[in-house]
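This report refers to the structure that appears directly beneath it.
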Amino acid sequence: MLAYTIKRFFMMIVTILIISTLTFILMHSIPGSPFNEERTTNETIQANLEKFYKLDEPLPVQYLYYLKSIVTFDFGPSIKKPNETVNELLARGFPISFELGMTTILVAVISGILLGTFAALRHNGFIDYFAMTFAVVGISVPNFVLATLLIQKLAVDYNIFPPATWSSPMHMVLPVLALATGPMAIIARLTRSSMLEVLTQDYIRMAKAKGLSPFRIVARHALRNALMPVVTIMGTMLAGILTGTFVIEKIFAIPGMGKYFVESINNRDYPVIMGTTVFYSTFLVFMLFVVDIVYGLLDPRIKLHKKAGDA
Amino acid sequence: MTKNHESTTVSPNQIPDEWFRKKDKDLIEAEAVVRPSLSYWKDAWRRLKQNKLAMTGLIFLVILALLAIFGPVFSPHEVDGMDLPNQNQPPSAEHLFGTDEMGRDVFTRTWYGARISLFVALAAALIDFFIGIIYGGISGYKGGRADGIMMRVIEVLYGLPHLLVVILLLVVMGPSLTTIIIALTITGWVGMARIVRGQVLQIKNYEFVTASKSFGAKTPRIIRKNLLPNTMGPIIVQMTLTVPSAIFAEAFLSFLGLGIQAPFASWGVMANDALPVILSGHWWRLFFPAFFISFTMFAFNVLGDGLQDALDPKLRG
Amino acid sequence: MNEHQLDLAKEIEKEKRDELSRMKKQSQSVPSYKTKKQKMISEEVILEVDNLHVQFSTFGGSVHAVRGVSFNLRKGETLAIVGESGCGKSVTSNAIMGLIPQPPGRISEGRVMFKNQELTKMTKKQMRKVQGVDISMIFQDPMTALNPTLTIGEQLTEGVRTHTNASKSEAKEKALDMLRLVGIPNPQERLKQYPHQFSGGMRQRIVIAMALICEPELLIADEPTTALDVTIQAQILELFEEIQQKTGVSIVLITHDLGVVAKIADRIAVMYAGKIIELGTKREIFYTPQHPYTQGLLKSVPRLDLLEEELQPIEGTPPDLFSPPTGCPFTARCPFAMEVCEHIHPATTVKSLTHQVDCWLQDERAQAFRNELKV
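Just so you know, the sequences run in chain order L, B and C. To convert, note that position 74 of the first sequence is 279 in this note's numbering; the numbers rise steadily by one, no gaps. To convert, note that position 14 of the second sequence is 16 in this note's numbering; the numbers rise steadily by one, no gaps. To convert, note that position 187 of the third sequence is 292 in this note's numbering; the numbers rise steadily by one, no gaps.
Put into structure tokens, the structure is as follows:
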């Protein structure tokens, strides 16, 4: 397990380094300086930026300073928002985005697993057909389409939920629903198919032959094995949800990091784009690392240390 | 099962004595069920046809392609023909899908949007396919150390958050048809390369490949009859499933302001433009592009699922 | 001969068969007998399967997998059910165990009696009190019969914990006893390990321990040695004999391997196309097989003592159970097939108190044909 963890950790560092370097190269490949006068509004910021990124130094030196800024998590000032640094924006926006993302994941994982499990247990029954219809529709309807649909129907037409912002649990319902449906559909489909496969395994028949209750068989013997494939896609799923927050926050006017990020793209506010990309990438790669470790914990076969007397 | 046999008259409570003689074997063998053997592709097509959902998807896509090509021809309106007095008109006989805030015909723009969205998606899928075939093919064929290094590269690239990289690329390169395709393929080929490599490794181990090497002459036939059916399945399915994710990515980028610029409009751009007016009740502005994005993704998804089932030789039954 | 006559003829045959089975029932209590190893088999019948029919509905129609199987099993006895794959032997064992998935499966007729309880009438909940407690099952492949994500200890103790009030430590003690019984060294340490840390033979020993932990009276072993190496096979078979001697458990052994049968079975039932076509003691089946299929099976087994003789495989394949033949299902492959075989299923002929066979060759009217064959 330790060797496995170390290997994964090393790969995580390499991935973060590659993303950071890529960001650096891309930002410096923009003709002229990314921070030249026509883009900035303020002389002071311009000076601050030049100082922060050491734009007068040669590129390798700039790169080292840049790496240092990543390690210390200091991304410098914003161009468009005077007197604000990228760090301040992140500190203000990320907690909200994080809340949205985590709620979404919880909703998607729990309901997706439940739906998929029940569909498999009632194979070819009503729940199964319902779940699979829901899944294929859920995968096909993009979250931004669903979001506008939900606003139109549940907020405007029936006035059940507030249409925008992020101030109470009621405000969270629509954005979370819009963002969670896709991942939920994917999880439900995956859980169903892997559950169906697991249920035909001999160890499930063995558990039945032991006279265990159906609940115990599903909860203890089937679910854990059936969820292995679900854990493996959690990483990509997280990435999808996190980038999904950009659009959802824009549509629902939620003051999260996504909103600032979209603004920064439209304004070509490079420090914010750079900072957010690197920050989010690091976060995601770290989450991937966590997912891998969790997988290793769930599946005893991955443990690399072997006890004496093993066959 | 009672076959016609010579009708003998015997008393009903007795089995005829001649039944206790050796049986004529020919009669029995005639019962063997003969199953017509179909070629792989015909068989796959037969199974695909049985899948109603997949066929619905396929038919929808054919109609969509035809409309994308010929739709604008039937429309009297230009794609960027502005008609400011008639802005934001609901659907009518004149404007089937209504008009937008510039008075442009949404019907005409939808089919132009289809061209762009489908072109972006298909181009991305095709380029992924070629890069994937080359990279995955070399990696799988060479094996050994080269394969090890190439797979490490893939492993690292696979861990990158794709959409973030695409956003970064587009910010730098500036959004256009070409740059969107480039950005999508830079991240997209990895998945295809993995699958191709897996398939190549599998082929290498098949005994009939070893056998074909010793025969030499029959190789093209072996490739067609044995290799393609066993390896093209997953690759075709992967391509089919790349398309909806590319359509999604393109629409998503439009929402971030990184979509294709006027006068052309992809579905994503049209949907994004409609957002500010959705609350004023101009539903058709969002409905039509959103509907076509969703339904096209749906069609490709169910077609991909159907192909997966139809092309898997192991499920052949 | 028209349809009507054929029907009548069949009806008469059926009546005859019913009468025979009534007679068989009367002489049910076969006297106890001694086996080679001086094992005493009591007269107490613990399992009785009576005219069992199992059907599966599939997209292509209904498959009649088991078509009227009857047999009984006494305490301490080992009955082997032998047959090719797809002959319904595993379905029979699953039906006894209450493991037929419903739907698509269904016990359409007949009953299974276990010590005066009718298993086929039980609800799933009642059945769970029998499963693993009174009747246990061992599966073919020990590689897949153990859950890869739970430790051996967890899997061993959960049966005890479910069915008795045993505490955690009591269950653990029991598990250790079982591991010792099946010959696993270092049981204390092994309890904490996962299945992938054991070899195939070891895993099958654990599966057996798991099946025995609640001290069942009946053990159903579905191809318990098929997936194992030959050397391991012998060890596992010895383990079965040893356990039977120690615990007096009755065993139903499902197998296609006559070698396994020769080693540990007391009686043998030969199944073909969902029916038992011949049933007898090991001696009877091996030395005086009556059914051409049984004879064919024996000829297709490699034997070291008959080096001269060539192996003779049975040509052809078993019939399609989507539409089972009305007559004897073996007709198409039988070297001695007669006209009657194709149309009417043969009645059961009782050769001895322990030996019975379903074959038209036993009929007196086939005397002429039998004489012909002997020439």
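Positions of the beta carbon are idealized from the N, C-alpha and C atoms, including for glycine.
If you check the CB distance, A390 of chain L and G343 of chain L come in under 9 Å. Taken atom to atom, the span from the alpha-carbon of I438 of chain L to that of G161 of chain B is near 12 Å. At the C-beta level, G188 of chain C and M376 of chain C come within 9 Å of one another. Contact annotation, F451 of chain L with L258 of chain B: C-beta distance approximately 6 Å; criterion of less than 8 Å satisfied.
In the DSSP assignment, K404 of chain C falls within the unbroken alpha helix (DSSP H) covering P397 to K404.
Here G210 of chain C is not near L224 of chain C, since their CB atoms are 9 Å or more apart. For R410 of chain L, the neighbours in chain C by C-beta distance under 7 Å run, in chain order, L204 and F244. Per the coordinates, the alpha-carbon of G193 of chain C lies some 30 Å from the alpha-carbon of V287 of chain C. Excluding its 5 nearest sequence neighbours in each direction, P424 of chain C has C-beta neighbours in its own chain below 7 Å: A378, P430, P434 and A437, listed in chain order. For a Cβ distance threshold of 8 Å, residue set R233 and T267 of chain C lies close to S418 of chain L, ordered along the chain. Per the coordinates, the alpha-carbon of L255 of chain C lies some 8 Å from the alpha-carbon of P505 of chain L. Here I356 of chain C carries a strand assignment [DSSP, helix/strand/coil]. Between Y465 of chain L and V483 of chain L the beta-carbon gap is near 15 Å, outside 8 Å, which marks them as no contact. Taking the Cα of I449 of chain C as reference, the smallest distance to any Cα among C:M248, C:K456 and C:L466 is reached at C:L466. Chain-order list of chain C residues neighbouring D504 of chain L: T254, by C-beta distance under 7 Å.
Contact between I221 of chain L and V423 of chain L does not hold, since their C-beta atoms are separated by about 39 Å, which reaches or exceeds 8 Å. When L:V266, L:L320 and L:I315 are compared, the shortest CA-CA separation from A340 of chain L is found for L:L320. The stretch 238-254 of chain C makes contact with the stretch 311-319 of chain C, as at least three CB pairs between them are under 8 Å.
DSSP places R295 of chain C inside the alpha helix (DSSP H), whose first and last residues are P292 to R295. Bridge partners of L162 of chain B according to DSSP: none are assigned. Here E259 of chain C carries a helix assignment [DSSP, helix/strand/coil]. Per the DSSP secondary-structure output, E383 of chain C pairs in a beta bridge with C:V375 and C:V462. Residue burial annotation: Y408 of chain L is buried, with at least 16 other C-beta atoms found within 10 angstroms of its C-beta.
Neighbours of V238 of chain C across chain L, judged by C-beta separation under 8 Å: G416.
Against chain L, the CB of M283 of chain C has no partner CB under 9 Å away; the residue lies outside that interface. For the set L:M232, L:M217 and L:L502, the Cα lying nearest the Cα of I470 of chain L is the one of L:M232. At a cut-off of 9 Å between beta-carbon atoms, L286 of chain C makes no contact with chain L. Not a single CB atom of chain L sits nearer than 9 Å to the CB of V354 of chain C. Secondary structure of L204 of chain C (DSSP, three-state): coil. Listed along chain B, no residue sits closer than 9 Å to L320 of chain L by beta-carbon distance, the nearest being about 18 Å off. Residue burial is scored here from C-beta neighbours: G100 of chain B has at least 16 other C-beta atoms within 10 angstroms and is therefore classed as buried. Distance from G416 of chain L to T352 of chain C at the Cβ level is roughly 19 Å; contact not present, criterion being Cβ atoms closer than 8 Å.
Contact annotation: T396 of chain L and N348 of chain L have beta-carbon atoms that are not nearer than 9 Å. Here the stretch 111-125 of chain B makes contact with the stretch 242-256 of chain B; the two share three or more CB pairs at distances below 8 Å. Here F278 of chain L is exposed: its Cβ has fewer than 16 other Cβ atoms, across all protein chains shown, within 10 Å.
Of the residues assessed, Y392 of chain C falls on the exposed side of the cut-off, its CB having fewer than 16 other CB atoms within 10 angstroms.
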